Amino acid sequence: MSKNKKLLLIDGNSVSFRAFFAMHNVLDKFVNGDGIHTNALYAFNNMLEIILKDEKPTHTLVAFDAGKTTFRTKMFDEYKGTRDKTPQELMEQLPLIQEMLNYRGIKTYQLPDYEADDIIGTMAHKAQLDDMDVTIITGDRDLTQLATDKITVKVNVKGVTETESYTPEHVKEKLGLTPKQIIDMKGLMGDASDHYPGVEKVGEKTAIKLLNQYGSVEGIYEHVDEMKKSKLKEHLINDKDKAFLSKKLATIDLDAPVSLNLSDLEYQGDNQEQLLQFYQKMNFRTFLDRMDVPQDSAEDLKEIKVQALDEAAIEKIVQSDKVHTLIVEGFGNNYHIDPIVGLLISDGTDFYGTVDFAILENEKLKAWLSDSTKEKYLFDNKATVALLHRYGCDLSGVTFDMLLVAYLLDTNDNKQDIGLVAKNYNINLPSEEEFYGKGVKKAVPEDENVLLNFLAQKAKVIFDLKDKMMAELKDNDQDSLYDEIELPLSNVLAEMEIKGITVEVPKLKEMENTFATKLSEIEQKIYQEAGKEFNINSPKQLGVVLFEDLKLPVIKKTKTGYSTSVDVLEKLKDKSPVVQMVLDYRQISKIQSTYVVGLQKFVQPDNKIHTIYLQTLTQTGRLSSIEPNLQNIPIRIDEGKQIRKAFVPQHKDWEIFSADYSQVELRVLAHISGDEHMQEAFNEDYDIHAHTAMRIFGLDSTDEVTPNMRRQAKATNFGIVYGISDYGLSQNIGISRKQAAAFIESYFEQYPGVKKYMDDIVKYARENGYVETIMHRRRYLPDIHSKNFNVRNFAQRTAMNTPIQGSAADIIKVAMINMQKMLEKEKLQANLLLQVHDEMIFEAPKSEIPTLEKLVPSVMDSAVRLDVPLKVETAHGKTWYEAK
DNA sequence: GTGCTCACG
DNA sequence: ACGTACGTGAGCACC
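Sequential numbering from 1 applies to the first sequence in the UniProt record's numbering.
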């Protein structure tokens, strides 16, 4: 009857579930005035707005599951038996979601004894008979069996705002099956998450193969007798009943006793008034903003009156006892060189701003900035300190750095953007990109009032969110991580960056010439061998030469062609002389472009490189270093290591001094796992890798350990820290997967505490949604609940690794802060210049080296108290090269 | 802008 | 059966 009618069907339970876990990391931020969590509600509504806009349905229905028992549990009482309980924080939101849907003019429905799937199947079927187009939105793939020419099934991917569309063509492309055959596939393979069995040893691959041959479960069993004798045939025969039962369980009912007519589903559109009240009750600012209704002006950020930051204003500021928020706005991402564009100071009531930096020469303002009794809030202390330093100002008295707090609360808030943080709290402040534009359009607004108003908005947001964020920090037991580690560290890092490390450019120039000659030599040889000239740096062109012209065997492929990575080339070394040449070329070319040439671009007129440490980026709590990255200067191969000869102390008669923690991650593991054998090894200061080798190879003494055994044990220790898999270990040390699995088993037998830690931490992550370090640094792991095997496994390995890597990061951060204090206290001239995850690099007068050799290890090994000792090794020399 | 490769811990 | 080591940044080719 109607070509242009369109029905939108949503699986309420599965989408709510996904919405909940997609925003699980912000669970505590989304709480309304009544203490009810609203994260799933928020994400669900966000998705709904996008879907309604895209689909423009005329009819809508959201189906929910009615209860625990269904006709399926009657057929098979373990159906969905082992499924985790729905979290309480989600349970309380389900009625709210239904309420909101009502206000949005969308019908909701549930039916005793039936799942949402069956309601959707039935209504989709009805609508199809009526010639309507149907779109189904769901969080899980079970519904894809419903796809037809008229019915499209869209499955949420990555959260809920993106979907993957399943049409019959798409199913064919992905699986090589028709949608209906998905039921047969599930019958054969079963479903782990719904907890019903299929045929033993039959997974997706086998199921698809069988169905391509025989069409359906019925078809398979008609021909099962004709199959060749095989394990598969045996399993099929043994599990015939299971296959048919599972197929039934997997089949969505298209004729459930649903008491709805299509006309009941007509989309009504929003009830503005009720929806408005509802959003207000839920504190949904973003949605209120979109509703285009007048708002409470007290909360409105749109216009803030900014007064001039002049001498009169400064007088008021310095006289005041109030806390002030300070915005020093840089433009560009390198605050060591890019310009400052604006300055704003506010006590929350008055906002004083200027774009004229002569004001920073004002002595009263200078004194106020450096006065530690004058309390200040800001966003990004390190950047602010660095910017002000360039104008001869010191900064002190900062107690709230919103950047650091946001990152500690959730390591995913690592975009260094105040607008993005504000959005997490439902406050509509433009992001840097939204305000300044991006790409070629990126620019400071011509009208300075526009800019100052933006800065005022930032200041206001900082005031508005400070209490809430600090309270969250306390709830998470992270206040001392912030007060005692991250905030003091930001000052230490600022000092290190500002100080910079001296580089001898002539030394780099000299290397550049040497390597250039070497490169062109190898280049010519490669061309000769290959019989043609080509770009060796192009993996594509290189692939053609190696695998087509020279016909070398293809070991690995990438998405786009042949892989030419080191591990592939290593295996092809003896097949053709050109392979070794390419390896040599690659090595030198990397050193040349990234380091010899690359680093020179960063040397400033003071002959120094000033890197930027990102303190709020990594998921584990480590630092990272950019522009340039000084944490990956070559050391493993000698040609590369030469680069370090260009890094020198800033004065004659000074030296570079370095100190690193020995096996800090394994010591952390020994501590947090409490494993007796591993702790003993460290307490007795044994060679840990040899000791591990002795244990896993069942030897009586470390004297029997061969170098190869030690090497393998070392790799296993690393693997353990990374959240081991037999495959990963086998690849790394070139043994079979079986052998690797045996190593791991033996390892866990010898170190049962480690095994227990691995099991417990994954369980902890599942129950709490996050893991934490010894200093309570948190990392949320929503993927721990993923249905996807790979995604879930990755999250599990992360759960194992993060507390280890993160605690090691905590430890060195404490050591850096203590070290800086100690240098000051002892009035040493030595400067802390660099940090490379487990080591600190200093420059110091030669005369101070003996002092440092005692002092630095003692500060580092006493940074925290673990159940095993920390061990520190030091070295020094004229250049960084010699300090190792 | 994305993918590949490779430098570090 | 699935396809894997953990955490980063930068240069180059190619679209």
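From the three backbone atoms N, C-alpha and C, an ideal C-beta is built for every residue, glycine too.
Here the structure is a predicted model, which means the values were calculated and not measured.
Within the same chain, show all residues whose beta-carbon is closer than 7 Å to that of Glu89, passing over the 5 residues directly before and after it, in chain order.
The residue given as residue 89 occupies position 89 in the first sequence. Only Leu27, His37 meet the Cβ criterion.
Which residues bound the beta strand (DSSP E) around Gly877?
The residue given as residue 877 occupies position 877 in the first sequence. Unbroken beta strand (DSSP E) run through Gly877: 872 to 877.
Unbroken stretches of the beta strand (DSSP E), 3 residues or longer, contained in the stretch 765 to 791:
770 to 772, 778 to 780
From Ile359, Gln642, Thr502, pick the residue whose C-alpha is nearest to that of Ile314; which is it?
Counting from one through the first sequence, the residue named residue 314 turns up at place 314. Selected option, being the one with the closest Cα: Ile359.
Pair within 7 Å by beta-carbon distance, Gly621 and Ala809:
Numbered from 1 along the first sequence, position 621 holds the residue referred to as residue 621. Numbered from 1 along the first sequence, position 809 holds the residue referred to as residue 809. Going by C-beta atoms, Gly621 is nearer than 7 Å to Ala809.
Cutting at 8 Å between CB atoms, please list the residues of its own chain near Ile317, excluding the five before and the five after it.
Counted from its first residue, the first sequence places residue 317 at position 317. Taken in chain order, the residues that qualify are His324, Ile345, Asp347, Tyr352, Leu365, Trp368.
Assign Ser216 to one of three DSSP states: helix, strand, or coil.
Here residue 216 is taken as the residue at index 216 of the first sequence, counted from 1. Correct three-state label for Ser216: coil.
Among Leu309, Lys305, Arg390, Phe284, whose alpha-carbon lies nearest the alpha-carbon of residue 885?
Residue 885 falls outside the range modelled here, since the chain spans only 1 to 884, and no answer is possible.
Proximity to Asp464 [Cα-Cα], best of Lys499, Glu448, Asn426
For the purposes of this step, residue 464 is taken as residue 464 along the first sequence, with counting starting at 1. That would be Asn426, whose Cα lies nearest to the Cα of Asp464.
Along the chain, where does the alpha helix (DSSP H) containing Asp401 start, and where does it finish?
On the first sequence, residue 401 is found 401 positions in, with the first residue counted as 1. Premise fails: Asp401 lies in the beta strand (DSSP E), 398 to 401, not in any alpha helix (DSSP H).
Reduced DSSP secondary structure (H/G/I, E/B, other) of Phe697
Counting from one through the first sequence, the residue named residue 697 turns up at place 697. Reduced to three states, the DSSP call for Phe697 is coil.
C-alpha distance - Trp880 paired with Ile656, whole-angstrom precision:
The sequence position of residue 880 within the first sequence is 880, counting from 1. The sequence position of residue 656 within the first sequence is 656, counting from 1. Trp880 and Ile656: Cα-Cα distance of roughly 6 Å.
Using only CA atoms, which one of Met282, Ser673, Arg667 lies nearest to Ala681?
Taking the first residue of the first sequence as 1, we reach residue 681 at position 681. Ranking the options by Cα distance to Ala681, first place goes to Arg667.
Using DSSP's beta-bridge definition, name the partner residues of Glu843.
Within the first sequence, numbered from 1, the residue matching residue 843 stands at position 843. Ile656, Asn831.
Beta-carbon gap between Ala690 and Val705 smaller than 7 Å
Counted from its first residue, the first sequence places residue 690 at position 690. Counted from its first residue, the first sequence places residue 705 at position 705. The answer is yes: Cβ separation under 7 Å.
Environment of Ile501 [buried if 16+ CB atoms lie within 10 Å]:
Taking the first residue of the first sequence as position 1, residue 501 is located at position 501. Looking at its Cβ environment, which holds 16 or more other Cβ atoms inside 10 Å, Ile501 is buried.
Name the DSSP beta bridge partners of Thr70, please?
The residue you call residue 70 lines up with position 70 of the first sequence. Paired residues: Asp113.
Is it the case that the Cβ atoms of Met581 and Ile637 are separated by a distance below 7 Å?
Locating residue 581 in the first sequence gives position 581, where the first residue counts as 1. Locating residue 637 in the first sequence gives position 637, where the first residue counts as 1. Cβ distance not < 7 Å, so Met581 and Ile637 don't count as in contact.
Residue range of the alpha helix (DSSP H) that includes Asn39:
Position 39 of the first sequence, counting from 1, holds the residue named residue 39. Per DSSP, Asn39 belongs to the alpha helix (DSSP H) from 39 to 55.
Quick one: using the 10 Å Cβ neighbour count with 16 as the cut-off for buried, is Gly723 buried or exposed?
Along the first sequence, read from residue 1 onward, the residue named residue 723 stands at position 723. Flag for Gly723 reads buried.
DSSP state of Val31, grouped into three classes?
To locate residue 31, count along the first sequence from 1; it is residue 31. Three-state DSSP puts Val31 in a strand.
C-beta contact flag for Ser563 and Lys573 at 7 Å
As a first step, residue 563 is located in the first sequence; it is residue number 563 there, counting from the start. As a first step, residue 573 is located in the first sequence; it is residue number 573 there, counting from the start. No, these two residues do not count as a Cβ contact at 7 Å.
Between Asp867, Tyr42, Thr558, which lies nearest to His24 when the distance is taken from Cα to Cα?
As a working mapping, residue 24 is identified with position 24 in the first sequence. Checking every option, the nearest Cα to that of His24 belongs to Tyr42.
Cβ-based neighbour list, residue 892, same chain, cut-off 7 Å, excluding 5 preceding and 5 following:
Any question about residue 892 goes unanswered here, given that the chain covers just 1 to 884.
Using 10 angstroms around the beta-carbon of Gln145, count the other beta-carbons present and answer buried if the total reaches 16, otherwise exposed.
Stepping through the first sequence from its first residue, residue 145 is reached at position 145. Its Cβ being crowded by 16 or more others within 10 Å, Gln145 is buried.
Distance check for Asp477 and Leu408, CA to CA, integer angstroms please.
Within the first sequence, residue 408 is the residue found at index 408, counting from 1. Within the first sequence, residue 477 is the residue found at index 477, counting from 1. Those two C-alpha atoms are separated by around 11 Å.
When Met402, Gly35, Ala830 are compared against residue 890, the one with the closest alpha-carbon:
Outside the displayed span of the chain (1 to 884) sits residue 890, for which this structure offers no information.
Judging by CA-CA distance, which residue of Glu234, Ala124, Met511 is the nearest neighbour of Thr594?
Your numbering for residue 594 matches position 594 in the first sequence. Looking at the Cα atoms, Met511 is the closest of the given residues.
Nearest by alpha-carbon distance to Glu361: which of Phe379, Asn381, Asp394, Ala646 is it?
Counting from 1 along the first sequence, the entry for residue 361 is found at position 361. Among Phe379, Asn381, Asp394, Ala646, the Cα nearest to that of Glu361 belongs to Asp394.
Could you pull out every residue in the same chain whose Cβ sits closer than 7 Å to the Cβ of Leu210, ignoring the five residues on either side in sequence?
The residue you call residue 210 lines up with position 210 of the first sequence. These residues qualify, in order along the chain: Leu188, Ile220.
Selected residue, minimal CA-CA separation from Asp542, among Lys559, Ser520, Glu521, Ser565:
For the purposes of this step, residue 542 is identified with residue 542 of the first sequence, where counting begins at 1. This sequence places Leu at residue 542; Asp is not what is there. Of the candidates Lys559, Ser520, Glu521, Ser565, the one whose C-alpha sits nearest the C-alpha of Leu542 is Ser565.
Could you name the residues of the same chain whose beta carbon sits closer than 8 Å to that of Asn32, not counting the 5 residues immediately before and after it, in chain order?
Counting from 1 along the first sequence, the entry for residue 32 is found at position 32. Thr38, Lys281, Met282, Asn283, listed in sequence order.
Exposed or buried, what is Arg290 when buried is set at 16 or more other beta-carbons lying within 10 Å of its beta-carbon?
Residue 290 sits at position 290 when you count from the first residue of the first sequence. Exposed, since its Cβ has fewer than 16 Cβ neighbours within 10 Å.
Under 7 Å between the Cβ atoms of Gly12 and Tyr267?
The count along the first sequence starts at 1 and reaches residue 12 at position 12. The count along the first sequence starts at 1 and reaches residue 267 at position 267. Going by C-beta atoms, Gly12 is not nearer than 7 Å to Tyr267.
Cβ distance (whole Å) where Ala713 is taken to contact Ile696 below 8 Å:
As a first step, residue 713 is located in the first sequence; it is residue number 713 there, counting from the start. As a first step, residue 696 is located in the first sequence; it is residue number 696 there, counting from the start. Contact flag correct, Cβ pair sits at about 6 Å.
Rounded to the nearest angstrom, how far is the Cβ of Tyr109 from that of Leu249, given a contact under 8 Å?
Residue numbering aside, residue 109 sits at position 109 when the first sequence is read from its first letter. Residue numbering aside, residue 249 sits at position 249 when the first sequence is read from its first letter. 22 Å between Cβ atoms; not a contact.
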